[in-house]
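>
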Amino acid sequence: MTWKTEGIVLRVRNLGEADRIVTLYTKERGKLSTVARGARRIRNRLLSPTQVFTHGRYLIFPGKGLHNLAQAEIVNSGQPIRDDLEKLAYASYITELLDALTVEEDPIERVFPLLAATLALLEVGRLGLATRAFELRLMRELGYEPELYHCLSCREELQTRVFFSEQGGVLCENCVVHDSASMLLTNGTWELMKKLLEWDLSRITVLHPAPSNEQELRRVMRRYLDYRLEYPLKSLEFLETLQALN
Ligand SMILES: [Zn+2]
Numbered sequence: 013m014t015w016k017t018e019g020i021v022l023r024v025r026n027l028g029e030a031d032r033i034v035t036l037y038t039k040e041r042g043k044l045s046t047v048a049r050g051a052r053r054i055r056n057r058l059l060s061p062t063q064v065f066t067h068g069r070y071l072i073f074p075g076k077g078l079h080n081l082a083q084a085e086i087v088n089s090g091q092p093i094r095d096d097l098e099k100l101a102y103a104s105y106i107t108e109l110l111d112a113l114t115v116e117e118d119p120i121e122r123v124f125p126l127l128a129a130t131l132a133l134l135e136v137g138r139l140g141l142a143t144r145a146f147e148l149r150l151m152r153e154l155g156y157e158p159e160l161y162h163c164l165s166c167r168e169e170l171q172t173r174v175f176f177s178e179q180g181g182v183l184c185e186n187c188v189v190h191d192s193a194s195m196l197l198t199n200g201t202w203e204l205m206k207k208l209l210e211w212d213l214s215r216i217t218v219l220h221p222a223p224s225n226e227q228e229l230r231r232v233m234r235r236y237l238d239y240r241l242e243y244p245l246k247s248l249e250f251l252e253t254l255q256a257l258n
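When you number the sequence shown by our numbering, it's gap-free, plus one each residue, and the end is 258.
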């Protein structure tokens, strides 16, 4: 029995002399680790379709441990991302984040299209905005949807003076005194967060937020995500070094 599945390469590791372990995020089966035999040989048919960020159609032979990736055809090569250091840094971060927060063969329906759409936005250079939208929406798909309208603690509907708790939502100024890790969310950042979560993803390219709102959202999201992550992400150090240079 073989499976055909559409997937995006999240991670690639070398195995032995010429093989690759390829971790895909697939449409039908979620995250899947496979072995691509001979994929590092120069004329091998699997060489290109098993590069990181490639979107392809894959033929898989299920195995007891790792599955075997038998055939592949490219839907989108991901080359513009691999060719650009900054795009590469952002894409490495979102794929590592997805990898860290998901387990093998536990498909979550809307994650695959989210990943494909986010990589497409990175290709056209909307780096920070696409990454924040991905973070917010991934948290929603994983069941940690941030509460953006009512205070997490007292359930009061919030209008102004909003704080964001790493537990995943807004707090009012009365309740914030019991949550020392929460951060002030200025109105512009709060509105940006709602749009990035609720708008159709293809529309977010019309947004041009102030740099201060983008930076604030980046810090808020970092704390919110770190609260759910069991280990620090390797790609984050590289990404933060690049951001500091800019
Ligand atoms: Zn409250």
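Ideal Cβ placement from N, Cα and C applies to all residues, glycine included.
Candidates Arg49, Leu78, Lys43: which alpha carbon is nearest Arg32's?
Nearest of Arg49, Leu78, Lys43 to Arg32, Cα basis: Arg49.
> Is any heavy atom in ligand 1 found nearer than 7 Å to the beta carbon of Leu196?
Not under cutoff, so the answer is no.
> Nearest by alpha-carbon distance to Leu113: which of Ile86, Phe250, Tyr156 is it?
Minimum Cα distance to Leu113 is reached at Tyr156.
> Using DSSP with H/G/I as helix, E/B as strand and the rest coil, what is Met233?
Met233: helix per DSSP, three-state reduction.
> Measuring only the C-alpha atoms, how far is Trp15 from Thr172?
Distance between the alpha carbons of Trp15 and Thr172 is about 52 Å.
> Helix, strand or coil for Gly140? Go by DSSP, reduced to three states.
It is helical.
> Indicate, with yes or no, if ligand 1 has a heavy atom lying under 7 Å from the CB of Leu160.
The answer is no for Leu160.
> May I ask whether a heavy atom of ligand 1 can be found less than 7 Å away from the beta carbon of Ser165?
Checking every heavy atom of ligand 1 against the Cβ of Ser165, one is found closer than 7 Å.
> Using CA coordinates, which residue listed in Arg138, Leu150, Val189, Val136 is at the minimum distance from Cys166?
Considering only alpha carbons, the answer is Val189.
> Asn199: beta carbon under 7 Å from a heavy atom of ligand 1?
Checking every heavy atom of ligand 1 against the Cβ of Asn199, none is found closer than 7 Å.
> Thinking C-beta only, is Ala84 closer than 8 Å to Phe73?
Result no, Cβ atoms of Phe73 and Ala84 do not sit closer than 8 Å.
> May I have a chain-ordered list of the alpha helix (DSSP H) segments no shorter than 4 residues that lie completely inside the segment 95-144?
As far as the segment 95-144 is concerned, its whole alpha helix (DSSP H) runs of at least 4 residues are 97-113, 123-135.
> Three or more beta-carbon pairs under 8 Å between the segment 239-256 and the segment 199-209, yes or no?
Result no; under three Cβ-Cβ pairs closer than 8 Å.
> Would you tell me roughly how many angstroms separate the C-alpha atoms of Leu213 and Leu71, rounded to the nearest one?
If you take the alpha carbons of Leu213 and Leu71, they lie about 29 Å apart.
> What ranges does the beta strand (DSSP E) occupy inside the segment 159-189, keeping only unbroken runs of at least 3 residues that lie completely in it?
Listed in chain order, they are 174-177, 181-183.
> Since His220 sits in a beta bridge, which residues does DSSP pair it with?
BP columns for His220 are empty, so no partner.
> From Glu178, Gln179, Leu170, pick the residue whose C-alpha is nearest to that of Glu185; which is it?
Considering only alpha carbons, the answer is Leu170.
> Assign Trp211 to buried or exposed, taking buried as 16 or more other Cβ atoms, counted over all protein chains shown, within 10 Å of its Cβ.
Its Cβ having fewer than 16 others within 10 Å, Trp211 is exposed.
> Beta carbon of Thr38, beta carbon of Glu18: below 8 Å?
A contact, by the Cβ cut-off of 8 Å.
> Among Phe124, Glu226, Tyr243, whose alpha-carbon lies nearest the alpha-carbon of Gly42?
Checking every option, the nearest Cα to that of Gly42 belongs to Phe124.
> Quick test of your reading: Leu134 and Ala128, contact by CB under 8 Å. State the CB separation rounded to the nearest angstrom.
No, Leu134 and Ala128 are not in contact; Cβ-Cβ is about 11 Å, not under 8 Å.
> With a threshold of 7 Å (Cβ to nearest heavy atom), would Glu168 be considered close to ligand 1?
It does: the Cβ of Glu168 is within 7 Å (strictly closer) of some heavy atom of ligand 1.
> Who are the near neighbours of Leu183 in its chain, counting only those whose CB is closer than 8 Å to its CB and skipping five residues on each side?
Here the set comprises Cys163, Leu164, Ser165, Val174, Phe175, Phe176, Ser177, Asp191, Ser194.
> Is the separation between the beta-carbon of Leu160 and that of Thr201 shorter than 8 Å?
Cβ distance not < 8 Å, so Leu160 and Thr201 don't count as in contact.
> Given the structure, does Asn225 come close to ligand 1, in the sense that its CB is under 7 Å from one of the ligand's heavy atoms?
Incorrect: Asn225 has no Cβ contact closer than 7 Å to ligand 1.
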